[in-house]
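Quick notes on the structure that follows.
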Amino acid sequence: MEKHMTVCPYCGSGCKLNLLVENNKVVGAEPLNGVTNEGELCLKGYYGWDFINDTKILTPRLKHPMIRRSRDAEFEVVSWDEAIKFTASRLAAVKAKYGPDSIMLTGSSRGTGNESNFVMQKFARAVVGTNNVDCCARVCHGPSVSGLMVTLGNGAMSNSICEIEDSKCILVFGYNAADSHPIVARRIIKAKEKGAQIIVCDPRRIETARIADMWLQMKNGSNMALVNAFANVLITEGLYNNDYVANFSEGFEEYKATVAKYTPEYVESITGLSAKEIREAMRMYAAAPSATILWGMGVTQWGQAVDVVKGLSSLAVLTGNLGRPNVGVGPVRGQNNVQGACDMGALPNVFPGYQSVTSPEARAKFAKAWGVESLPDKIGLSITDVPHMAEEGKLKAFYCFGEDPAQTEPDLNLVRKAFEKLDFMIVQDIFMTKTAMFADVVLPATSWGEHDGVFSSADRGFQRFTKAVDAKGDVKHDWEILGLLATEMGYPMKYKDTKEIWDELRELCPLYYGATYEKLDGLGYIQWPCTTLDAPGTPYLYEGNVFQREGGKALLFASEWRPPLEKVDAEYPLGLCTVREVGHYSCRSMTGNCVALQTLADEPGYVTINPQNAKELGIRDQQLVWVASRRGKVIARASITERTNVGAVYMTYQWWIGACNELTVHHVDPISKTPEYKFSAVRLEAIADQ
Ligand code: SF4
Numbered sequence: 001m002e003k004h005m006t007v008c009p010y011c012g013s014g015c016k017l018n019l020l021v022e023n024n025k026v027v028g029a030e031p032l033n034g035v036t037n038e039g040e041l042c043l044k045g046y047y048g049w050d051f052i053n054d055t056k057i058l059t060p061r062l063k064h065p066m067i068r069r070s071r072d073a074e075f076e077v078v079s080w081d082e083a084i085k086f087t088a089s090r091l092a093a094v095k096a097k098y099g100p101d102s103i104m105l106t107g108s109s110r111g112t113g114n115e116s117n118f119v120m121q122k123f124a125r126a127v128v129g130t131n132n133v134d135c136c137a138r139v140c141h142g143p144s145v146s147g148l149m150v151t152l153g154n155g156a157m158s159n160s161i162c163e164i165e166d167s168k169c170i171l172v173f174g175y176n177a178a179d180s181h182p183i184v185a186r187r188i189i190k191a192k193e194k195g196a197q198i199i200v201c202d203p204r205r206i207e208t209a210r211i212a213d214m215w216l217q218m219k220n221g222s223n224m225a226l227v228n229a230f231a232n233v234l235i236t237e238g239l240y241n242n243d244y245v246a247n248f249s250e251g252f253e254e255y256k257a258t259v260a261k262y263t264p265e266y267v268e269s270i271t272g273l274s275a276k277e278i279r280e281a282m283r284m285y286a287a288a289p290s291a292t293i294l295w296g297m298g299v300t301q302w303g304q305a306v307d308v309v310k311g312l313s314s315l316a317v318l319t320g321n322l323g324r325p326n327v328g329v330g331p332v333r334g335q336n337n338v339q340g341a342c343d344m345g346a347l348p349n350v351f352p353g354y355q356s357v358t359s360p361e362a363r364a365k366f367a368k369a370w371g372v373e374s375l376p377d378k379i380g381l382s383i384t385d386v387p388h389m390a391e392e393g394k395l396k397a398f399y400c401f402g403e404d405p406a407q408t409e410p411d412l413n414l415v416r417k418a419f420e421k422l423d424f425m426i427v428q429d430i431f432m433t434k435t436a437m438f439a440d441v442v443l444p445a446t447s448w449g450e451h452d453g454v455f456s457s458a459d460r461g462f463q464r465f466t467k468a469v470d471a472k473g474d475v476k477h478d479w480e481i482l483g484l485l486a487t488e489m490g491y492p493m494k495y496k497d498t499k500e501i502w503d504e505l506r507e508l509c510p511l512y513y514g515a516t517y518e519k520l521d522g523l524g525y526i527q528w529p530c531t532t533l534d535a536p537g538t539p540y541l542y543e544g545n546v547f548q549r550e551g552g553k554a555l556l557f558a559s560e561w562r563p564p565l566e567k568v569d570a571e572y573p574l575g576l577c578t579v580r581e582v583g584h585y586s587c588r589s590m591t592g593n594c595v596a597l598q599t600l601a602d603e604p605g606y607v608t609i610n611p612q613n614a615k616e617l618g619i620r621d622q623q624l625v626w627v628a629s630r631r632g633k634v635i636a637r638a639s640i641t642e643r644t645n646v647g648a649v650y651m652t653y654q655w656w657i658g659a660c661n662e663l664t665v666h667h668v669d670p671i672s673k674t675p676e677y678k679f680s681a682v683r684l685e686a687i688a689d690q
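Sequential numbering from 1 applies to the sequence shown in full-length UniProt numbering.
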């Protein structure tokens, strides 16, 4: 049996593992002693590999390029030569007729690797001529990047996953670690075992709430009010670090004025919490010798997410919990390489290495390296702009690479209508996803397990992964496909391997320059910034309390609380919140094709509801129900549980039948444009037994 070292393709924990291979077929996985996982894996790591083998449980692997010559025609299998010529000519025609900004492209935060994301954004900028390139960070931690860039000057986790267990207080805010990142959850448990105090702010009784010293069961949609009240307590009770604030931050007076009205008593009705528990939580947080704040989608998938991220980072600044080990702010990135897609510039506002597209120096540097006269200077569109831009006829072509927005975006009816309006749509993937059904051309790529590369874990850690098996079918590496298309469009682009791409991007990105393939060999783990060849990387940011903002000081920021956009009423009396589940991942195209994981649950998916609401509605446990919102209606199975709070229901978003995004509202944060997946007004109706 062969063993091939790789990194798990699911969440951002960055677990290192061996794929076990017999006769060019993956037959198992075993954990390795990686920096973040230390010989452990969760069930997705152990059992989430056989989608590579084309199990066809949910959908078959794509094995040949396919095109549709018209929208009502069937897909036909074609040669790569024909597929590339067809795609290049149609894309070039759209560009010539409507301009480069009529085309939208995506990076992929999943198993493809940093190198392919680098090549994709280069294709967008140097070949198409647009900054309309984005990735699914937009729908998850986009607000963390936007918010932290403003307050601290760096959008990533400040400290390392392995430091969590040595923090003496962990404030877990809107983050269900057990389902999202089981290996991070283990660090929280270890911290507890080492004597840390745990504070959980979450409407649901999530796993971490069970071991918490304090569980603040706040109302859905009250984040900003609670964060402001936390700040109010720290200031009015004199719990903040006066010296740290004076020396290393700015904006204190304005901040103090904004939070002044958010006394714990004032926010009681907004948050559903008592003033006493709000005060006690902050006394606990402020008293700890080291404290870490971790957050997830419960913070970022709201219409006021960026403000809340800024507010949470301000709590760390107020208490001096930055710039040293075992403290900090932790937006724990969801998908395995969503940090990497951002690192590689699959974002509309930055080149790789977070170099702004509006900087003439950065544009000149990249243009020179890429051999083009100029690069676009206008910040591009976001993924969440696609529906309305297509609807308005301003977006004509969409190149969707390793994403499935027809399953994962809010208000799917709107998404489908937008796709139908496009002149041309390309899908590059490993599976025939829901989005691929709308494509004019489908380009089949190699999968994780079939190619090499580097991923970035949630804490800025670069790790190499390697090919385990030869791909079956007429498929190509993502970066090869992009090179062929670029060349056909008149921009010769050919790479020998991923190392050649990695070396090009290292040369262009001072933050990553020292992270060579050689240093990343084996279990190598390098956290950026790593600016020189002999540097080991940076486990924690802001050493010496120097922040990456002009003047070097952190910004304290607070904002007035805004309620969720949708209101519950007599017709739609419950608030729907979308969540993750531990056995499945994202749009499920990968985990849904894994034998062991698929047996964990069957479609339709679940809607969890509190016993009180279920009784009022006459719903029994496991009964089929309709879940309806102002946008659509889906079937689901009721799961009655005390863990769900009264007035809210929860659905996971990976089910193809009963997709919860048929129901969700397309309302976005005004800065990050991240959708408010966490609150849509719905009603439930029991379906009578047949
Ligand atoms: Fe580790 Fe996340 Fe993979 Fe589980 S899903 S093995 S926690 S990387």
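No residue lacks a Cβ here, since even glycine has one placed at the ideal position from N, Cα and C.
Does the ligand SF4 have a heavy atom nearer than 8 angstroms to the CB of residue i?
i: HIS4; result: no
i: SER222; result: no
i: GLY14; result: yes
i: LYS44; result: yes
i: VAL184; result: yes
i: CYS162; result: no
i: GLY113; result: no
i: GLY48; result: yes
i: ASN337; result: no
i: LEU19; result: no
i: TYR175; result: no
i: TYR585; result: yes
i: HIS141; result: no
Using the three-state DSSP reduction, which class does residue i fall into: helix, strand or coil?
i: ALA275; result: helix
i: CYS201; result: strand
i: TYR285; result: helix
i: GLN54; result: In the sequence as presented, Gln is not what sits at residue 54; that position holds Asp. Here ASP54 sits in coil by DSSP.
i: PHE557; result: coil
i: GLY99; result: coil
i: VAL133; result: strand
i: HIS477; result: coil
i: GLN612; result: helix
i: LEU656; result: Checking the displayed sequence, the identity of residue 656 turns out to be Trp instead of Leu. The answer is coil: DSSP assigns TRP656 none of H, G, I, E or B.
i: VAL317; result: helix
i: PHE431; result: strand
Return the bridge partner residues of residue i from the DSSP annotation.
i: CYS15; result: Its beta-bridge partners do not exist; DSSP assigns none.
i: VAL668; result: PRO675
i: ARG90; result: Looking at the DSSP assignment, ARG90 forms no beta bridge with any residue, so it has no partner.
i: PHE465; result: GLY453
i: MET425; result: PHE398
i: TYR606; result: ARG637
i: GLN335; result: CYS11
i: CYS577; result: TYR650
i: ILE526; result: PHE462
i: HIS4; result: LEU19
i: THR106; result: ASP134
i: GLN355; result: PHE351
Determine the extent of the beta strand (DSSP E) in which residue i is found, giving its start and end residues.
i: GLU685; result: 680 to 686
i: SER447; result: Premise fails: SER447 is in no beta strand (DSSP E) and is neither H nor E.
i: LYS25; result: 25 to 31
i: PHE173; result: 169 to 173
i: ILE293; result: 291 to 295
i: MET214; result: 214 to 216
Could you check whether the Cβ of residue i sits closer than 8 angstroms to any heavy atom belonging to the ligand FMN?
i: LEU41; result: Only the ligand SF4 can be found as ligands here, which leaves the ligand FMN out of the picture.
Nearest by alpha-carbon distance to residue i: which of the options is it?
i: ILE293; options: SER314, VAL627 and MET120; result: SER314
i: GLY311; options: VAL332, GLY334 and ALA225; result: ALA225
i: THR531; options: LEU511, THR516, LYS394 and TYR525; result: LEU511
i: ASP307; options: GLY34, TRP561 and GLY583; result: TRP561
i: PHE351; options: VAL245, ASN117 and ASN337; result: ASN117
i: CYS342; options: SER108, ALA628, THR300 and ASP569; result: SER108
What are the boundary residues of the alpha helix (DSSP H) that residue i is part of?
i: SER629; result: Looking at the DSSP string, SER629 is not in any alpha helix (DSSP H); the run it does join, the beta strand (DSSP E), is 624 to 629.
i: TRP370; result: 360 to 370
i: LEU508; result: 498 to 508
i: ARG187; result: 182 to 193
i: GLY618; result: Unbroken run through GLY618: none, as it is neither H nor E.
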